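Protein chains in written order, with our numbering: chain A, 4 to 218; chain B, 4 to 218.
A quick write-up on the structure given underneath.
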DNA sequence: TGCAAAACGGAGGGACCCTCCGTATACTAC
DNA sequence: GTAGTATACGGAGGGTCCCTCCGTTTTGCA
């Protein structure tokens with residue numbers, strides 16, 4: 004999985020007083036993020052940074068130049084994972100019916116959370132002490148979820164009384180609560196949730212009232 | 004603050020196949036717990052264990068013999084803090100009217116949580132992966148809270164519709180949510196909570212219904 | 001008072017962190 | 001193409017902390 008476009012190097016409107024980074028710098032940064040994502044997922048938040056540098060094929064000095072602290076690396080990995088997830092939402096919507104795209108995306112979300120589990124002990128303090136970072140990432144993810152939901156509502160296959168924020172909280176909550184290694188349970192529960200989203204859609208025979216608490 | 008009695012060395016009913024520890028071992032263990040509590044509170048969960056050993060006046064080898072892992076030390080400190088808190092509940096009840104004892108104890112609780120804040124990042128995983136340890140400590144604390152409440156109820160100065168578990172959750176929740184360094188806010192909120200406990204006591208002029216949500 | 005068992009202390013090897021600076025590489029201007 | 005320079009790379013090395021191991025000391029019992 005290539006790191007996506009390294010988030011739009013430089014808006015043209017800014018005077019180029021600070022130049023764009025050199026090509027090798029961009030490449031190495033991406034290699035590091037990819038290697039770090041794998042390492043955190045496989046070996047937890049305490050992986051030696053030297054191992055990450057090695058598996059990315061760069062020197063330890065390069066790692067530290069790009070990411071002065073372990074937290075900054077975790078942050079970059081997290082941001083990148085959110086990027087990928089948002090991007091996939093668009094791709095899925097283009098290639099399949101909205102409700103199927105939504106289902107796929109929710110399962111994708113589970114996988115991504117499982118991947119991030121290793122980083123969790125570092126991610127939590129980061130999110131709680133850094134509100135504008137957490138707002139930003141949450142906002143992006145919510146927007147993607149909303150887009151998927153709205154497409155489903157427009158097609159009449161998804162109920163209209165759930166918004167992106169709700170969906171994210173529900174899926175996230177399920178992933179967090181079933182905190183065991185394997186995510187099979189999460190996948191099943193998220194599937195259940197998805198069925199709930201179909202239930203009571205405009206086109207469905209058995210529409211329920213908004214706010215109805217029935218399972 | 005001396006470490007209390009090193010939790011009742013050995014019940015007499017067990018055949019002394021395993022002897023009681025030597026006096027210096029007991030003393031050093033207590034010194035280590037005291038030093039660790041201070042160090043964790045002052046410098047967070049990452050204090051070098053060597054510093055703790057030094058400030059306890061023992062060698063690093065001694066620390067490791069008593070507490071093979073950092074977690075085991077954290078656990079011992081936590082257990083000891085709970086001990087002290089429970090003990091103080093009894094002392095307070097003997098030396099002042101029940102509702103005053105309860106008020107004092109709640110404030111004491113705030114101070115103790117503030118003390119433990121440094122250990123929190125190690126304590127959380129410990130509590131969540133080790134259910135019977137958490138049950139045990141929670142049970143002890145709940146018992147102390149219940150005792151204080153019941154004494155107040157018997158005296159007619161504390162309302163009867165709150166149990167020890169509720170109280171602990173409420174006070175604990177307040178301490179956790181106001182997660183800033185200083186605990187002044189916690190102390191004020193806990194004071195507020197205490198006033199709520201007096202409100203609607205048997206002897207109070209303005210009794211409310213159990214379950215009444217009014218402040 | 002003597003003697004084992006128990007406990008102590010800290011040297012030392014290993015893992016990891018992070019900085020620093022000599023070397024290599026990619027851009028730019030000509 | 002080429003020369004020059006800002007930018008980026010790599011990894012040696014010094015520092016911190018971890019944890020084990022074993023010679024020495026202390027304690028409690030007979």
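Backbone N, C-alpha and C fix where the C-beta goes; we use that ideal spot for every residue, glycine too.
Nothing here was measured: the structure is a model prediction, and the numbers come from that model.
Tell me the rounded alpha-carbon separation between residue 106 of chain B and residue 205 of chain B.
One-based indexing of the second chain puts residue 106 of chain B at position 103. One-based indexing of the second chain puts residue 205 of chain B at position 202. C-alpha separation (whole angstroms): 18 Å.
Buried or exposed for residue 195 of chain A, going by 16 or more other Cβ atoms inside 10 Å?
Locating residue 195 of chain A in the first chain gives position 192, counting from the first residue. With fewer than 16 other Cβ atoms within 10 Å, it is exposed.
Inter-residue CB distance, residue 118 of chain A and residue 26 of chain A (contact presumed, cutoff 8 Å):
Against the first chain, residue 118 of chain A aligns to sequence position 115. Against the first chain, residue 26 of chain A aligns to sequence position 23. The beta-carbon distance between residue 118 of chain A and residue 26 of chain A, rounded to whole angstroms, is 28 Å. This is too long to meet the 8 Å contact definition.
Short of 6 Å in beta carbon distance, which residues of its chain neighbour residue 101 of chain B, apart from the five on each side in sequence? Order them along the chain.
Position 98 of the second chain, counted from the first residue, corresponds to residue 101 of chain B. Taking C-beta separations shorter than 6 Å and ignoring five residues to either side along the sequence, the partners of residue 101 of chain B in its chain run 154, 155, 158, following chain order.
Starting from residue 113 of chain B and walking both ways along the alpha helix (DSSP H), at which residues does that stretch end?
Along the second chain, read from residue 1 onward, the residue named residue 113 of chain B stands at position 110. Residues 101-119.
If you draw a straight line from the alpha carbon of residue 132 of chain B to that of residue 75 of chain B, how long is it in whole angstroms?
Translated into the one-based positions of the second chain, residue 132 of chain B becomes position 129. Translated into the one-based positions of the second chain, residue 75 of chain B becomes position 72. Rounded to the nearest whole angstrom, the CA to CA distance from residue 132 of chain B to residue 75 of chain B is 13 Å.
Roughly how many angstroms lie between the CA atoms of residue 49 of chain B and residue 121 of chain B, to the nearest whole one?
The residue given as residue 49 of chain B occupies position 46 in the second chain. The residue given as residue 121 of chain B occupies position 118 in the second chain. Going by C-alpha positions, residue 49 of chain B is about 9 Å away from residue 121 of chain B.
Three-state secondary structure assigned by DSSP to residue 37 of chain B:
In the second chain, residue 37 of chain B corresponds to position 34, counting from 1. In the structure shown, residue 37 of chain B falls within a helical segment according to DSSP collapsed to helix, strand and coil.
Would you mind working out which of B:31, B:88, B:160, B:42 sits nearest residue 1 of chain B, comparing C-alpha positions?
A question about residue 1 of chain B goes unanswered here, because the residues of chain B that appear run from 4 up to 218.
Assuming contact is defined by CB atoms lying nearer than 8 Å, are residue 160 of chain A and residue 85 of chain A in contact in what I supplied?
Position 157 of the first chain, counting from 1, holds the residue named residue 160 of chain A. Position 82 of the first chain, counting from 1, holds the residue named residue 85 of chain A. No, the Cβ-Cβ distance between residue 160 of chain A and residue 85 of chain A is not below 8 Å.
Any heavy atom of the ligand PLP closer than 7 Å to the Cβ of residue 131 of chain B?
For the ligand PLP, the structure offers nothing, since it holds no ligand at all.
Burial state of residue 78 of chain A, where buried means 16 or more other Cβ atoms lie within 10 Å:
The count along the first chain starts at 1 and reaches residue 78 of chain A at position 75. Buried, by the Cβ-count rule.
Just to confirm, are residue 103 of chain B and residue 193 of chain B a CB contact at a threshold of 8 Å?
One-based indexing of the second chain puts residue 103 of chain B at position 100. One-based indexing of the second chain puts residue 193 of chain B at position 190. No, they are not a contact pair.
Decide if residue 187 of chain A is buried, meaning its Cβ has at least 16 other Cβ atoms within 10 Å, or exposed.
Residue mapping note: residue 187 of chain A aligns to position 184 of the first chain, counting from 1. Residue 187 of chain A is exposed by the Cβ-count criterion.
Residue closest to residue 164 of chain B, alpha-carbon to alpha-carbon, out of B:191, B:134, B:199:
As a first step, residue 164 of chain B is located in the second chain; it is residue number 161 there, counting from the start. Scanning B:191, B:134, B:199 for the CA closest to the CA of residue 164 of chain B turns up B:199.
What is the DSSP secondary structure of residue 161 of chain B, counted as helix, strand or coil?
Counted from its first residue, the second chain places residue 161 of chain B at position 158. DSSP places residue 161 of chain B in coil when its eight states are reduced to three.
Express the C-alpha separation of residue 53 of chain B and residue 83 of chain B in angstroms, rounding to a whole number.
On the second chain, residue 83 of chain B is found 80 positions in, with the first residue counted as 1. On the second chain, residue 53 of chain B is found 50 positions in, with the first residue counted as 1. Each residue's alpha carbon lies about 21 Å from the other.
Among B:170, B:42, B:29, B:148, which has the Cα closest to the Cα of residue 91 of chain B?
Residue 91 of chain B sits at position 88 when you count from the first residue of the second chain. Nearest Cα to residue 91 of chain B within the set B:170, B:42, B:29, B:148: B:148.
Same chain, Cβ closer than 8 Å to residue 41 of chain B, five either side skipped, listed in chain order:
For the purposes of this step, residue 41 of chain B is identified with residue 38 of the second chain, where counting begins at 1. Correct list, in chain order: 58.
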